[in-house]
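**Student:** Residue numbers (the numbering used here): 14 to 408.
Note that beta-carbon positions come from the ideal geometry of N, C-alpha and C, so glycine has one too.
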Amino acid sequence: MTSSTNVARRDFLRQTALAGTLAAGAVTWGAPSWTVAETPGRKIKVGLIGCGSVSNIYLPHLADCAHVELVSVCDIIPERAQRQAQRFHIPHHYPHIDHMLAGAPFELLVNTTDMQEHERLNRQALEAGRHVWSEKPMANTLAGGQELLALAARRGLRIWGAPTVVNSPQFAFMARTLAAGTLGRVAAGHADYGHQGPNWSAFFYERGGGSMPDLGVYNLTTLTGLLGPARSVVAMTSIVTPTRTVDNKGEIQVTEEDNAMLLLDHGGGVISHVQCGFNYFNPHGHDGSEEERHTIKIVGHQGTLSLVGYDWAPRAVDVASESQPSYQRLATDPGDYVWEQGASLVARCLATGEEPPFTAEHALHVCEIMIAARQSQATGRRVTLQTTFAPPRVA
Ligand SMILES: NC(=O)c1ccc[n+]([C@@H]2O[C@H](COP(=O)([O-])OP(=O)(O)OC[C@H]3O[C@@H](n4cnc5c(N)ncnc54)[C@H](O)[C@@H]3O)[C@@H](O)[C@H]2O)c1
14 MTSSTNVARR
24 DFLRQTALAG
34 TLAAGAVTWG
44 APSWTVAETP
54 GRKIKVGLIG
64 CGSVSNIYLP
74 HLADCAHVEL
84 VSVCDIIPER
94 AQRQAQRFHI
104 PHHYPHIDHM
114 LAGAPFELLV
124 NTTDMQEHER
134 LNRQALEAGR
144 HVWSEKPMAN
154 TLAGGQELLA
164 LAARRGLRIW
174 GAPTVVNSPQ
184 FAFMARTLAA
194 GTLGRVAAGH
204 ADYGHQGPNW
214 SAFFYERGGG
224 SMPDLGVYNL
234 TTLTGLLGPA
244 RSVVAMTSIV
254 TPTRTVDNKG
264 EIQVTEEDNA
274 MLLLDHGGGV
284 ISHVQCGFNY
294 FNPHGHDGSE
304 EERHTIKIVG
314 HQGTLSLVGY
324 DWAPRAVDVA
334 SESQPSYQRL
344 ATDPGDYVWE
354 QGASLVARCL
364 ATGEEPPFTA
374 EHALHVCEIM
384 IAARQSQATG
394 RRVTLQTTFA
404 PPRVA
């Protein structure tokens, strides 16, 4: 792993919570920036499993990536795999992961299946010697997630999990602003993300699904990326809409939360709040790319910064401080960030030896927060967390 993974937790917290006590520029935020140099290199053979909705967004991005050779697709609904193979000129398609792993050789598995399937399929791929890019959540249990990381390390393989929010220029700007001490002593963060819920697949509403791993996961990644790993979690979750109608199963009982509020203790006095749900009217519907609200806010005793739009499709950052009390809209350049770029980026990293800014340890920490939030709801108690991660590397 890179030098950034050796940054101690206390350094991470000092870089954020205590940044205001340091002079501007005195803080080094992580290791040197991750660059995206287009070095000519070998192509990584990629297989994608799960040919549903999100594969329609992943596959064009992978097909356009200079470092990817799309070898195979797989879905337990075989006609979906066949259709995507035809559409994207992918030579092999399979109805089961066993056939895929035993079939045409590939190096990187891209897992875009149902959330409940991720841990099992990720493990099977690692056991078969494949690197893994997983949609969120990377794991469904903490022990299972820890085992995935240990298995990858033992086998000399890599695993990464969505989302890629720390790779946006707006995230980098917010991290640099915090590290520069512009906000003074940082006190609190807030983030929210919701819509009326997907209507195509039941798994979003079944045990192991829910609004946290589908939506809150973005905000949790952003806030822990900016404020440091959480030490403990208190949460309330609920089911607001007990029955739903979805394309693949008709009317279903909702058995996982569709409404969640989490409080995170980041240490050093910093507390943050994430709210997410599948019962949020949103004038932009499921497509939040036109969102203009502040969906992430960080406040300190001398300043505040707010992200315009969602962290997966950020538009700008508004900043106000004692020295510049009226809001300034900054970081308006979208760069080349798009939320669906993760699998292509890790393929490029595998080909070139670069290191992406997101880490498996951060993804696992966010999985632990969501699992702990469910424990907190079930027990009424605050849950202490075990995992940690190094700060994301930003430009
Ligand atoms: N749809 C989106 O806009 C979107 C955006 C970002 C992330 N995601 C994430 O992507 C993942 C998939 O979501 P989706 O909306 O594409 O769901 P989906 O239901 O449209 O697609 C999932 C596909 O996986 C297949 N599948 C399930 N279990 C499998 C198995 N064991 N082996 C092979 N195939 C299997 C299903 O048959 C289905 O075709 C989820 O983790 C979701 O949170 C979705």
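1. Below 6 Å CB to CB, which residues in the same chain sit around Q416 once its five sequence neighbours on both sides are set aside?
2. Is it true that the segment 88 to 106 meets the segment 160 to 170, where meeting means three or more beta-carbon pairs spaced less than 8 Å apart?
3. Alpha carbon to alpha carbon, how far is R361 from G313?
4. When you compare the CB positions of D271 and G290, do they come within less than 7 Å of one another, or not?
5. Quick check on F294: buried or exposed, where buried means 16 or more other Cβ atoms within 10 Å of its Cβ?
6. Give every residue of the same chain whose Cβ lies closer than 7 Å to the Cβ of D111, excluding the five residues on either side of it in the sequence, and list them in chain order.
7. Can you name the start and end residues of the alpha helix (DSSP H) that S357 belongs to?
8. Applying the criterion that 16 or more other CB atoms from any shown protein chain within 10 Å of the CB defines a buried residue, is T126 buried or exposed?
9. For the beta strand (DSSP E) that D205 lies in, which residues bound it at each end?
10. From N261, F101, G355 and P242, pick the residue whose C-alpha is nearest to that of G282; which is it?
11. Closer than 6 Å to a non-hydrogen atom of ligand 3 - does that hold for the CB of C380?
12. Report the CB separation of D346 from P182 in whole angstroms; it is logged as a contact under 8 Å.
13. Between E148, R306, A192 and E305, which has its C-alpha nearest L228's C-alpha?
14. Which of helix, strand or coil does DSSP assign to W47?
15. Taking the C-alpha atoms as reference points, what is the distance between G322 and R257?
16. My assumption, with CB atoms under 8 Å, is that V59 sits in contact with F119. Please give the rounded CB distance.
17. Compute every distance between the C-beta of C64 and the non-hydrogen atoms of ligand 1, then say whether any falls below 6 Å.
18. Are the CB atoms of G355 and W213 nearer to each other than 7 Å?
19. Kindly list the residues whose CB is nearer than 6 Å to the CB of E160, restricted to its own chain and excluding five residues on each side of it in sequence; keep chain order.
20. What is the residue span of the beta strand (DSSP E) that A6 lies within?
21. For E305, name the three-state secondary structure that DSSP assigns.
22. Is the Cβ-Cβ distance between R395 and V247 less than 7 Å?
23. Alpha carbons only, please: which of I309, D260 and S68 is nearest the one belonging to Y231?
24. Is E148 near ligand 1 - that is, is its Cβ less than 6 Å away from at least one heavy atom of it?
25. Can you tell me whether A391 is buried or exposed, with buried defined as 16 or more other CB within 10 angstroms of its CB?
26. Report buried or exposed for E176, applying the criterion of at least 16 other Cβ atoms within 10 angstroms of its Cβ.
27. At a cut-off of 6 Å, is E130 close to ligand 1 when judged by its beta-carbon and the heavy atoms of the ligand?
28. So, under 8 Å CB-CB, F402 and E381 are touching, yes? Tell me the CB distance rounded to an integer number of Å.
29. Quick one: grab the DSSP three-state call for R342.
30. For T397, count the other beta carbons within 10 Å of its own beta carbon; 16 or more makes it buried, fewer makes it exposed. Which is it?
31. On a CA-only basis, which of Q399, C78, Q97 and A201 is nearest I284? Give me that one, please.
32. Following a CB-centred definition, is S7 positioned closer than 6 Å to any heavy atom of ligand 1?
33. Beta strand (DSSP E) containing I351: first to last residue?
34. Tell me whether V145, by its Cβ, gets closer than 6 Å to a heavy atom of ligand 1.
35. For V49, which residues of its own chain have a beta-carbon under 7 Å away from its beta-carbon, when the five flanking residues on both sides are left out?
36. Among the candidates A141, G174, Q97 and S319, whose CA atom is the shortest distance from the CA of F184?
**Tutor:** A quick look at the data gives this:
1. Nothing in the structure corresponds to residue 416, since the chain is present only between 14 and 408.
2. no
3. 38 Å
4. Going by C-beta atoms, D271 is nearer than 7 Å to G290.
5. exposed
6. none
7. G355 to T365
8. The residue in question, T126, is buried, as its Cβ has 16 or more Cβ neighbours within 10 Å.
9. V199 to G207
10. P242
11. You won't find ligand 3 in this model; what it holds is ligand 1.
12. 6 Å
13. Ranking the options by Cα distance to L228, first place goes to E148.
14. Here the model assigns W47 a pLDDT of 38, short of 50, so the residue's position is not dependable, and the following value carries that caveat. DSSP places W47 in coil when its eight states are reduced to three.
15. It is roughly 28 Å from the alpha-carbon of G322 to the alpha-carbon of R257.
16. 6 Å
17. It does: the Cβ of C64 is within 6 Å (strictly closer) of some heavy atom of ligand 1.
18. no
19. Within the same chain, E160 has no close Cβ partners at all.
20. Past the edges of the chain, shown from 14 to 408, lies residue 6, and the structure says nothing about it.
21. Note: E305 maps to coil in three-state DSSP.
22. yes
23. I309
24. Indeed, a heavy atom of ligand 1 lies less than 6 Å from the Cβ.
25. With fewer than 16 Cβ atoms within 10 Å of its Cβ, A391 is classed as exposed.
26. One detail in the question is off: residue 176 reads as Pro in this sequence, not Glu. Buried, since its Cβ has 16 or more Cβ neighbours within 10 Å.
27. yes
28. So it is not a contact: roughly 10 Å between Cβ atoms.
29. Looking at R342 - three-state DSSP - the assignment turns out to be strand.
30. exposed
31. A201
32. In the structure displayed, the chain extends from 14 to 408; residue 7 sits before or after that span and is not available.
33. Just to set this straight, residue 351 is Val in the shown sequence, not Ile. Run containing V351: none; DSSP gives neither H nor E here.
34. no
35. Per-residue confidence for V49 stands at a pLDDT of 42, beneath the threshold of 50, marking its modelled position as unreliable; no derived number is given.
36. S319
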